[in-house]
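Colleague:
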Amino acid sequence: MRIGVISDIHANLEALDAVLAHLDRERPDLLVCLGDFVGYGPDPTACVERLRPRLAAAVLGNHDAAATGARPIDDFNPMAQEAIVWTQGALSDAVRDYLRALPEREEREGLLLVHGSPRQPVEEYLLDARRARASFAAGGFRVAMVGHTHQPAVFEEAGSRVATRGLLPEVPFPLRSASRYIVNVGSVGQPRDGDPRAACVIVDTHARTATLYRVAYPIEVTQTKMEAAGLPAALIERLALGR
21 MRIGVISDIH ANLEALDAVL AHLDRERPDL LVCLGDFVGY GPDPTACVER
71 LRPRLAAAVL GNHDAAATGA RPIDDFNPMA QEAIVWTQGA LSDAVRDYLR
121 ALPEREEREG LLLVHGSPRQ PVEEYLLDAR RARASFAAGG FRVAMVGHTH
171 QPAVFEEAGS RVATRGLLPE VPFPLRSASR YIVNVGSVGQ PRDGDPRAAC
221 VIVDTHARTA TLYRVAYPIE VTQTKMEAAG LPAALIERLA LGR
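The numbering of the sequence shown is the working numbering, which starts it at 21 and goes up by one.
What follows is the structure, given as structure tokens:
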């Protein structure tokens with residue numbers, strides 16, 4: 021079974037379409053999304069409508085919850101707050117209802133799906149091995165898929181050790197049966213690892229691998245839409261930097 025995993029689309033339709041075209045060529049058996057369909061970008065409703073029919077499963081992201089009014093926005097930075105308020109006014113009723121109904125965690129084909137972490141599925145940022153260790157201790161999963169940080173990475177628990185591993189594009193990462201893993205798939209719509217290309221991962225449960233892909237898209241088209249919507253300039257500029 022080959023499973024396409026995406027996260028953090030953030031209302032970036034051009035990035036989403038590029039990733040979906042890539043996945044069409046790769047032909048995974050199913051597709052799942054780890055949340056943050058919306059926030060930051062100019063096409064929240066269109067992104068959900070484009071993606072929803074193709075998904076076998078999806079979970080709730082913190083921006084999804086904020087955009088539907090299910091969580092306060094006070095702890096977001098001012099730029100994110102401005103984008104959330106704009107998004108709240110741009111969502112269709114049907115998309116708002118869909119996002120509001122998303123679960124915080126799902127399981128598909130032996131994979132635990134969450135947005136943030138297995139320990140705190142919507143909100144926690146897994147940025148280091150210390151936090152990853154707490155998530156390994158919190159659940160009985162073997163492989164968990166996460167997003168939220170916008171930075172592809174793998175945390176591996178082997179015995180009593182937890183290590184952080186890198187993911188190289190198009191280089192299959194082995195998921196050894198003796199270890200447990202948390203795989204961060206990066207971001208479709210707003211990468212923050214210095215590479216502005218959209219990110220997605222395909223997990224092959226038979227070969228026991230996770231493979232990262234980076235996909236170029238017309239960033240300037242998204243930036244022009246964001247300018248027209250009056251979204252914050254720093255959010256527009258960062259797309260080209262991958263930061």
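Quick reminder that beta carbons are idealized off the backbone N, C-alpha and C, glycines included.
(1) So, Ile23 versus Pro48, is the Cβ gap smaller than 7 Å?
(2) So, for Ala183: in the same chain, excluding its five sequence neighbours on each side, which residues have a beta-carbon less than 6 Å away from its beta-carbon?
(3) May I ask you to report which of helix, strand or coil DSSP gives Arg153?
(4) Whose C-beta lies closer than 7 Å to the C-beta of Leu80 among residues of the same chain, with five residues either side of it excluded?
(5) Which of the three DSSP states, helix, strand or coil, is assigned to Leu274?
(6) Assuming His42 and Val191 make a contact with CB atoms under 8 Å, what is their CB distance in whole Å?
(7) In whole angstroms, what is the alpha-carbon distance linking Thr244 and Met99?
(8) Do Val205 and Gly167 have their CB atoms nearer than 7 Å?
(9) Quick one: what does DSSP say Gly109 is sitting in, helix, strand or coil?
(10) Kindly list the residues whose CB is nearer than 7 Å to the CB of Ala254, restricted to its own chain and excluding five residues on each side of it in sequence; keep chain order.
(11) At the level of alpha carbons, what is the spacing between Asp352 and Met21?
(12) Report the three-state DSSP secondary structure of Glu144 (helix, strand or coil).
(13) Check each candidate in Pro138, Pro211 and Gly159 and name the one with the smallest Cα separation from Thr169.
(14) Along the beta strand (DSSP E) that carries Thr229, what are the first and last residues, could you check?
(15) Rounding to the nearest angstrom, what Cα-Cα distance links Ala198 and Ala178 in this structure?
(16) Should His83 go down as buried or exposed, given a rule of 16 or more other Cβ atoms within 10 Å for buried?
Modeller: In terms of the structure at hand:
(1) yes
(2) Glu176
(3) helix
(4) Gly55, Leu122, Pro123, Glu124, His135 and Val142
(5) Since the first and last residues shown for the chain are 21 and 263, residue 274 lies out of range.
(6) Cβ-Cβ separation between His42 and Val191: approximately 16 Å, too far for a contact (criterion under 8 Å).
(7) Roughly 18 Å between the two C-alpha positions.
(8) yes
(9) In the three-state DSSP reduction, Gly109 falls in the helix class (H, G or I).
(10) If we look at Ala254 and ignore the five residues flanking it on each side, its Cβ neighbours are Met99.
(11) No answer is possible for residue 352: it lies beyond the span of the chain, which begins at 21 and ends at 263.
(12) coil
(13) With distances taken between Cα atoms, Thr169 lies closest to Pro211.
(14) Thr229 to Val235
(15) 7 Å
(16) buried
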